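**Q**
Protein chains: 2
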Amino acid sequence: MSPMGEAMSAKHDKSDRRMGPPGSDNWHAMLDGAEAVLREEGHAALTSRRIAERIGVKQRLVYYYFSTMDDLVIDLFHRLSVRELERLREAADSSLPLREIWEVCINTTDARLISQFMALANRIEGLRKEVIHFIEESRAIQVDAIAKALQRVPQAAGLDPGAIAIIATSVALTLTRERQLGTESGHQAVIGLFEKFLASIEPA
Amino acid sequence: MSPMGEAMSAKHDKSDRRMGPPGSDNWHAMLDGAEAVLREEGHAALTSRRIAERIGVKQRLVYYYFSTMDDLVIDLFHRLSVRELERLREAADSSLPLREIWEVCINTTDARLISQFMALANRIEGLRKEVIHFIEESRAIQVDAIAKALQRVPQAAGLDPGAIAIIATSVALTLTRERQLGTESGHQAVIGLFEKFLASIEPA
DNA sequence: GTCTATACACCGATAGAC
DNA sequence: GTCTATCGGTGTATAGAC
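Right, dumping it as structure tokens:
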């Protein structure tokens, strides 16, 4: 039972234990640490102890802010997802939306981080839901931007914005992944192709 | 297995301990078990104990055939890679090579398994090398098949086989991954586009 | 070749003091 | 809110018998 003096929004886990507020400084610091571990060491190293060590607190505290490690991973992806969608919306609102979106996809995506989340999503049901939601939201933003651009160029009639969105994000992810793995053969040709396409439907 | 023939080539690990022969029945059984675990439970569950349990031997035996778990993972990917490249070469040698290759990429690829290996490749140097090798080999097969097909259709002049290969494999992987995650919005449009393209450069 | 047994590290999660 | 302390479990890897 909650003590009377407590805020209405205080969180509790299943055993009704008091928990730290999402969005607080420590909560963010823990997700920052978790994100760094995931980027640099992979998800096998994503443990409560490693996170605590990295941000200079004791392991027990991680469980004050997240009731399980799976919850932490889900919150981490959710925070990242919100930020990424915001970035996409900003790009879509710029003067050259398609170029900006392409730029975001190909230059600021961390394919290593994504591969960690994809691997985790096979196991963590709640994460899978978040991933699907992100895929659908980000695609909607892209499809909208592409559709608007196509309307302005008559010669683009018949092109499907949905298909273009899937092709572009797929290729961007592959190029980023391969570049970060250490192989880039054939990349220039396909990048050139996309830039030519961009120039044709979104003249600078 | 050839008992005598192994004598000269007997493997030893760093501490000069004798090890089981790669390619033997047990060696394959262990990799079979590892592959199943990776598919069904993800790489967090890929442990020597779990593999042993699955194929009905004791945990110790795994270390008779593989000196470390990382080595096992590398051998597993290598075996898979050899099989997959063989399958691609067969498809490339068929009467409708592009259709066959597309079919392999989009229908028989296990995106979950790939995501596990990709996540592991960030950490295991030797695996990363194997992955890069596979990417380059499979792309070479595809580029070769695409180039041959393009030569036969005059209206395809100017198309870059390397760019087409990257686009096709990227899209195939994305569609497979999303399908296995549980979302398929927009897939039909892009599949239709690829089939139209296939029909134009490789008439049935 | 396959086993028993074990050393040792690390993990998630909890109890409860301050 | 942060801590000390701890439980029970699982992991990699090795020693050495048969």
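So the sequence lines, in the order shown, correspond to chains A and V. Per numbering that gives the first Met the number 0, residue 0 is the first one in the first sequence, and the count goes up by one each step. Per numbering that gives the first Met the number 0, residue 0 is the first one in the second sequence, and the count goes up by one each step. All C-beta atoms in this analysis are idealised placements derived from N, C-alpha and C, irrespective of residue type, glycine included. These numbers were taken from a predicted model, which means no experiment stands behind them.
1. Rounded to a whole number of angstroms, what is the C-alpha to C-alpha distance between residue 51 of chain V and residue 29 of chain V?
2. Verify the contact flag: residue 151 of chain V, CB atom, against every heavy atom of the ligand ZN, threshold strictly below 7 Å.
3. Look at the Cβ atom of residue 91 of chain A, then the Cβ atom of residue 143 of chain A, and state whether they are nearer than 8 Å.
4. Are the CB atoms of residue 79 of chain A and residue 145 of chain A within a distance shorter than 8 Å?
5. Give a yes or no on whether the minimum CB-CB distance between residue 135 of chain A and chain V is below 8 Å.
6. Are there 16 or more other CB atoms within 10 angstroms of the CB of residue 1 of chain V, so buried, or fewer, so exposed?
7. With a threshold of 8 Å on Cβ separation, who are the neighbours of residue 123 of chain A within its own chain once the five nearest residues in sequence on each side are excluded?
8. Measuring straight from C-alpha to C-alpha, what distance separates residue 111 of chain A and residue 175 of chain A?
9. Got a sec, what are the start and stop residues for the alpha helix (DSSP H) residue 70 of chain V sits in?
10. Please state whether DSSP places residue 57 of chain V in a helix, a strand or coil.
11. Give a yes or no on whether the C-beta atoms belonging to residue 169 of chain V and residue 87 of chain V are separated by under 8 Å.
12. With respect to the alpha helix (DSSP H) encompassing residue 164 of chain V, which residues constitute its N-terminal and C-terminal limits?
13. Among A:148, A:164 and A:109, which has the Cα closest to the Cα of residue 135 of chain A?
14. Spell out the partners DSSP gives residue 17 of chain A in its beta bridges.
15. Would you kindly check if the distance between the Cβ of residue 101 of chain A and the Cβ of residue 167 of chain A is under 8 Å?
16. Just to confirm, is the Cβ distance from residue 180 of chain A to residue 120 of chain V under 8 Å?
17. Check residue 192 of chain A in the structure and name its three-state DSSP category.
18. Given that a residue counts as buried once 16 or more other Cβ atoms are within 10 Å of its Cβ, and exposed if not, what is residue 199 of chain A?
19. Residue 24 of chain A lies in the alpha helix (DSSP H); which residues open and close that run?
20. Tell me which residues of the region 184–203 of chain V have at least one Cβ-Cβ distance to chain A shorter than 7 Å, keeping chain order.
21. Quick one: measure Cβ to Cβ for residue 162 of chain A and residue 95 of chain A, integer angstroms, because I've assumed they're closer than 8 Å.
22. At the level of alpha carbons, what is the spacing between residue 140 of chain V and residue 85 of chain V?
23. Need the endpoints of the alpha helix (DSSP H) that residue 142 of chain V sits in, please.
24. As a quick exercise: from V:81, V:46 and V:152, pick the residue whose alpha carbon is nearest that of residue 196 of chain V.
**A** In terms of the structure at hand:
1. Indexing the second sequence from 1 puts residue 51 of chain V at position 52. Indexing the second sequence from 1 puts residue 29 of chain V at position 30. Straight-line Cα distance between these residues: approximately 7 Å.
2. Looking for the ligand ZN in the displayed structure turns up nothing, as the structure carries no ligands at all.
3. If you number the first sequence from 1, residue 91 of chain A lands on position 92. If you number the first sequence from 1, residue 143 of chain A lands on position 144. Inclusion of residue 91 of chain A and residue 143 of chain A in the CB contact set at 8 Å is warranted, their separation being smaller than that value.
4. Walking along the first sequence from the start, residue 145 of chain A turns up at place 146. Walking along the first sequence from the start, residue 79 of chain A turns up at place 80. Annotated as distal: residue 145 of chain A and residue 79 of chain A, with beta-carbon spacing of 8 Å or more.
5. Working through the first sequence from its first residue, we reach residue 135 of chain A at position 136. Residue 135 of chain A counts as touching chain V.
6. The residue given as residue 1 of chain V occupies position 2 in the second sequence. Only weak support is given to the placement of residue 1 of chain V: the predicted model assigns it a pLDDT of 43, under 50, and the value that follows is read from those uncertain coordinates. With fewer than 16 other Cβ atoms within 10 Å, it is exposed.
7. Start at 1 with the first residue of the first sequence, and residue 123 of chain A comes out as number 124. If we look at residue 123 of chain A and ignore the five residues flanking it on each side, its Cβ neighbours are 69, 72 and 73.
8. Mapped onto the first sequence, residue 111 of chain A falls at position 112. Mapped onto the first sequence, residue 175 of chain A falls at position 176. Residue 175 of chain A has its alpha-carbon roughly 9 Å from the corresponding atom of residue 111 of chain A.
9. Taking the first residue of the second sequence as 1, we reach residue 70 of chain V at position 71. Annotation for residue 70 of chain V: the continuous alpha helix (DSSP H) segment containing it runs 68–91.
10. Start at 1 with the first residue of the second sequence, and residue 57 of chain V comes out as number 58. In the structure shown, residue 57 of chain V falls within a coil segment according to DSSP collapsed to helix, strand and coil.
11. Here residue 169 of chain V refers to the residue found at position 170 when the second sequence is read from its first residue. Here residue 87 of chain V refers to the residue found at position 88 when the second sequence is read from its first residue. Cβ atoms of residue 169 of chain V and residue 87 of chain V: not closer than 8 Å.
12. Start at 1 with the first residue of the second sequence, and residue 164 of chain V comes out as number 165. Here the alpha helix (DSSP H) through residue 164 of chain V covers 160–180.
13. Numbered from its first residue, the first sequence carries residue 135 of chain A at position 136. Answer by Cα proximity: A:164.
14. Taking the first residue of the first sequence as position 1, residue 17 of chain A is located at position 18. In DSSP, residue 17 of chain A forms a bridge with A:11.
15. As a working mapping, residue 167 of chain A is identified with position 168 in the first sequence. As a working mapping, residue 101 of chain A is identified with position 102 in the first sequence. Less than 8 Å divides the Cβ of residue 167 of chain A from the Cβ of residue 101 of chain A.
16. To locate residue 180 of chain A, count along the first sequence from 1; it is residue 181. To locate residue 120 of chain V, count along the second sequence from 1; it is residue 121. Yes, Cβ-Cβ distance for residue 180 of chain A and residue 120 of chain V is below 8 Å.
17. Start at 1 with the first residue of the first sequence, and residue 192 of chain A comes out as number 193. Helix.
18. In the first sequence, counting from the first residue as 1, residue 199 of chain A sits at position 200. By the 10 Å Cβ count, residue 199 of chain A comes out exposed.
19. Here residue 24 of chain A is taken as the residue at index 25 of the first sequence, counted from 1. Its alpha helix (DSSP H) spans residues 24–40.
20. Correct list: 184, 185, 188, 189 and 192.
21. What you label residue 162 of chain A is simply residue 163 of the first sequence in a count that begins at 1. What you label residue 95 of chain A is simply residue 96 of the first sequence in a count that begins at 1. Contact flag wrong, Cβ pair sits at about 21 Å.
22. Taking the second sequence and counting its residues from 1, the one referred to as residue 140 of chain V is at position 141. Taking the second sequence and counting its residues from 1, the one referred to as residue 85 of chain V is at position 86. One Cα belongs to residue 140 of chain V, the other to residue 85 of chain V, and the distance between them is close to 10 Å.
23. Along the second sequence, read from residue 1 onward, the residue named residue 142 of chain V stands at position 143. Per DSSP, residue 142 of chain V belongs to the alpha helix (DSSP H) from 124–151.
24. For the purposes of this step, residue 196 of chain V is identified with residue 197 of the second sequence, where counting begins at 1. It is V:152 whose Cα lies nearest to the Cα of residue 196 of chain V.
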